[in-house]
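J.: Handing you this structure, nothing more for now.
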Amino acid sequence: MNLTAGRITAIDRLYLQRAYELAARGLGSTAPNPPVGAVIVSGGRIAGEGYHHRAGEAHAEVNALAQAGEAARGATAYVSLEPCNHAGQTPPCTQALLEAGIARVVAGTLDPNPRTDGRGAAFLRERGVWVDVAEDARARELIEPFGRQVRGQRPYVGLKMAMSLDGAIASEPGVAHWLTSDGVRSFVRELRAAYDAVMVGAGTVRVDDPQLTVRPAHHRERPYVRVVLCETGAVDPNRRVFAAVPGYADTIVLAPAGARTRFAVLERTPGARVVFVGDETSVELDLERGLEALRAHGICSVLCEGGPTLAARLIAAGLTDRLYWAIAPAFLSGSRSVPVLAGIDFGGVDRKLRFDRVERIGSDVLISGAFAGAERSRDV
Numbered sequence: 003m004n005l006t007a008g009r010i011t012a013i014d015r016l017y018l019q020r021a022y023e024l025a026a027r028g029l030g031s032t033a034p035n036p037p038v039g040a041v042i043v044s045g046g047r048i049a050g051e052g053y054h055h056r057a058g059e060a061h062a063e064v065n066a067l068a069q070a071g072e073a074a075r076g077a078t079a080y081v082s083l084e085p086c087n088h089a090g091q092t093p094p095c096t097q098a099l100l101e102a103g104i105a106r107v108v109a110g111t112l113d114p115n116p117r118t119d120g121r122g123a124a125f126l127r128e129r130g131v132w133v134d135v136a137e138d139a140r141a142r143e144l145i146e147p148f149g150r151q152v153r154g155q156r157p158y159v160g161l162k163m164a165m166s167l168d169g170a171i172a173s174e175p176g177v178a179h180w181l182t183s184d185g186v187r188s189f190v191r192e193l194r195a196a197y198d199a200v201m202v203g204a205g206t207v208r209v210d211d212p213q214l215t216v217r218p219a220h221h222r223e224r225p226y227v228r229v230v231l232c233e234t235g236a237v238d239p240n241r242r243v244f245a246a247v248p249g250y251a252d253t254i255v256l257a258p259a260g261a262r263t264r265f266a267v268l269e270r271t272p273g274a275r276v277v278f279v280g281d282e283t284s285v286e287l288d289l290e291r292g293l294e295a296l297r298a299h300g301i302c303s304v305l306c307e308g309g310p311t312l313a314a315r316l317i318a319a320g321l322t323d324r325l326y327w328a329i330a331p332a333f334l335s336g337s338r339s340v341p342v343l344a345g346i347d348f349g350g351v352d353r354k355l356r357f358d359r360v361e362r363i364g365s366d367v368l369i370s371g372a373f374a375g376a377e378r379s380r381d382v
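For the sequence shown, the numbering used here gives the first residue as 3, with consecutive numbering after it.
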């Protein structure tokens with residue numbers, strides 16, 4: 003049972019919503035830290051606001067306190083996430099709140115980081131600060147990727163797929179389709195901005211020649227990264243995914259270390275950065291080790307827009323945290339149609355998925371859900 007929800011008022015929830023709006027400004031820029039927003043309220047008025055811009059810089063609470071100044075003494079701090087109680091690249095936010103004289107803290111959710119995980123709230127309570135935790139769905143949504151990557155060795159993985167009503171992505175192999183509406187395509191381009199990287203398989207690059215950019219372009223503190231998974235051989239180095247784009251890092255190509263000679267052309271390609279996975283005997287790409295290699299390169303969240311084989315392998319291996327599943331009002335099945343998932347017998351796969359979003363976008367329906375383990379709820 004949530005022990006503090008009853009103390010959260012309607013006014014509290016309004017200020018928390020503002021904290022969530024501020025936190026969202028940092029999406030895509032704060033990794034490996036979570037996006038966080040903070041609002042300082044004194045005498046019924048907002049005295050200061052702030053959000054975390056990027057790792058290594060001031061946290062949301064510190065930015066909001068700086069704006070509030072002396073008005074922070076005796077005030078209430080609304081934060082989207084429990085204040086941290088450990089020193090990293092910056093001092094603990096709990097200490098900053100105490101020194102500023104904050105009387106009450108209302109947090110959207112507890113911090114899933116094992117270094118905090120309730121300790122920030124406990125630290126403040128022990129020193130006379132009134133602390134309430136709302137455990138709001140929106141607060142947990144903002145930090146869902148952070149919660150996954152901070153507890154493991156791989157990035158948080160979102161998987162976007164689109165299919166016809168009869169479960170196909172194309173009428174035949176090698177044929178590119180604009181299956182979904184402009185609305186869904188715009189949604190996906192915007193979605194890319196919230197992830198550290200967007201990833202596809204070699205087959206998608208060969209058939210669709212995607213650019214994998216955010217359009218219209220959004221400024222963010224961290225450069226965008228594009229990732230291509232290759233296994234059987236290199237893709238054409240003239241594909242658009244390797245073209246230089248302002249605000250984008252070199253495109254990472256994940257390839258098996260035992261097949262290094264197949265990818266020599268990409269090692270010489272401007273705009274490509276080949277990362278070999280496994281040892282010298284590896285001729286197949288180990289997806290889990292590939293994702294761990296991305297995490298080692300500072301990538302904390304990945305949006306996969308791959309084809310049916312890559313999607314099926316990720317789901318079956320338990321390497322997917324969230325699905326974005328678009329359904330178009332069309333029928334494509336035929337003797338040569340391409341199924342949305344391929345190459346895997348899902349009869350023995352036991353993965354629990356909880357849908358939390360169903361909406362109409364243009365003429366399509368978008369369903370989204372998190373796999374078990376991507377988030378957790380806790381008593382406070």
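Ideal Cβ placement from N, Cα and C applies to all residues, glycine included.
Using only the alpha-carbon positions, how far apart do Asn240 and Glu294 sit?
T.: In a straight line, the C-alpha of Asn240 is about 27 Å away from that of Glu294.
J.: Rounded to whole angstroms, what's the CA-CA distance from Ala164 to Leu355? Just pull it up for me.
T.: Cα atoms of Ala164 and Leu355: separation of roughly 17 Å, rounded to the nearest angstrom.
J.: Going along the chain, which residues of its own chain have a beta-carbon closer than 6 Å to the beta-carbon of Asn115, five neighbours each way excluded?
T.: Val152
J.: In the DSSP assignment, the beta strand (DSSP E) including Val95 goes from what residue to what residue?
T.: Note that residue 95 corresponds to Cys in the displayed sequence, not to Val. In the DSSP assignment, Cys95 falls outside any beta strand (DSSP E) and within the unbroken alpha helix (DSSP H) covering Cys95 to Ala102.
J.: Label Ile317 either buried or exposed according to how many other C-beta atoms from any shown protein chain fall within 10 Å of its C-beta, with 16 as the threshold for buried.
T.: It counts as buried.
J.: Looking at the structure shown, is Glu143 part of a helix, part of a strand, or coil, going by DSSP?
T.: helix
J.: Taking 8 Å as the cut-off, decide whether the C-beta atoms of Phe373 and Asp323 are in contact.
T.: yes
J.: Using three-state DSSP, classify Thr283 as helix, strand or coil.
T.: coil
J.: Please report the Cβ distance between Ser183 and Ile363, rounded to the nearest whole angstrom; I am assuming they are in contact, meaning their Cβ atoms lie under 8 Å.
T.: 7 Å
J.: Would you call Val237 buried or exposed, if buried means 16 or more other Cβ atoms sit within 10 Å of its Cβ?
T.: buried
J.: Rounded to the nearest angstrom, what separates Arg224 and Ala57 at their Cα positions?
T.: 10 Å
J.: With a threshold of 8 Å on Cβ separation, who are the neighbours of Thr111 within its own chain once the five nearest residues in sequence on each side are excluded?
T.: So the qualifying residues of the chain are Ser82, Leu83, Glu84, Val135, Ala136, Glu137, Asp138, Ala141, Arg142 and Ile145.
J.: Between Val190 and Thr215, how many whole angstroms is the CB-CB distance? I'm expecting something under 8 Å.
T.: With a Cβ gap of about 11 Å, Val190 and Thr215 do not count as contacting.
J.: Taking the Cβ atom as the reference point for each residue, do Leu16 and Ala170 lie within a distance shorter than 8 Å?
T.: no
J.: Assuming Ile448 is part of the alpha helix (DSSP H), what are its boundary residues?
T.: This structure gives no information on residue 448, because the portion of the chain shown stretches from 3 to 382.
J.: Give every residue of the same chain whose Cβ lies closer than 7 Å to the Cβ of Gly408, excluding the five residues on either side of it in the sequence, and list them in chain order.
T.: Here the chain has residues from 3 to 382 only, and residue 408 is not among them.
J.: Leaving aside the five residues before and after Gly120 along the sequence, list all residues of the same chain whose C-beta is less than 6 Å from its C-beta, in chain order.
T.: Sequence-distant Cβ neighbours of Gly120 in its own chain, meaning closer than 6 Å and more than five residues away, are Leu112.
J.: Using 8 Å as the cut-off, can you tell me whether the segment 91-110 makes contact with the segment 65-82, which would need three or more C-beta pairs spanning the two stretches below that distance?
T.: yes
J.: With distances taken from CA atoms, which of Arg222, Ala199, Gly122 and Val229 is nearest Thr206?
T.: Taking only the C-alpha atoms, the option nearest Thr206 is Val229.
J.: What do you get for Pro310, buried or exposed, if any count of 16 or more other CB atoms within 10 angstroms of its CB means buried?
T.: buried
J.: Can you tell me which residues form a DSSP beta bridge with Gly52?
T.: Gly52 pairs with Ala40.
J.: Going by DSSP, name the residue or residues bridged to Leu368.
T.: Ala328 and Glu361
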